[in-house]
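Numbering (numbering that gives the first Met the number 0), first residue to last: 0 to 80. All C-beta atoms, glycine included, are put in the ideal place defined by N, C-alpha and C.
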Amino acid sequence: MGGSRSDYLRDRATRGTRRAVGFVYSFSRLSAMFSSYIIAATLDRAGSAGVFILISAAMIVVALTVGLFGPRTRGLALEQI
0 MGGSRSDYLR DRATRGTRRA VGFVYSFSRL SAMFSSYIIA ATLDRAGSAG VFILISAAMI
60 VVALTVGLFG PRTRGLALEQ I
């Protein structure tokens with residue numbers, strides 16, 4: 000997991016936060032491994048249009064999850080987030 004957020008957490012995080020970051024990283028690696036098989040099977044059965052629909056649906060699920068369950072940041076300064 001790259002980026003400034005993980006660097007920040009590595010330096011200042013509690014034990015529980017570090018464990019959660021490790022879990023999310025591990026889960027992302029597992030999902031990346033399985034997603035290639037799911038995409039290949041979808042391509043075989045439904046063609047490129049099916050893969051487009053599959054990836055679009057996955058992106059919509061992620062966007063809704065972040066939008067509905069993520070922290071509210073509208074109107075907050077960067078330092079308050």
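With contacts defined by Cβ atoms closer than 8 Å, valine 50 and leucine 63 do not form a contacting pair. In its own chain, leaving out the 5 sequence neighbours on each side, no residue places its CB closer than 6 Å to the CB of alanine 57.
Within the same chain, Cβ atoms closer than 6 Å to the Cβ of threonine 72 are found at Ile80, the five residues on either side in sequence being excluded.
It is roughly 11 Å from the alpha-carbon of isoleucine 37 to the alpha-carbon of arginine 44. The continuous stretches of alpha helix (DSSP H) do not include leucine 77, and DSSP gives it neither H nor E. Annotation: the region 12-36 contains no complete segment of the alpha helix (DSSP H) (minimum length 4 residues).
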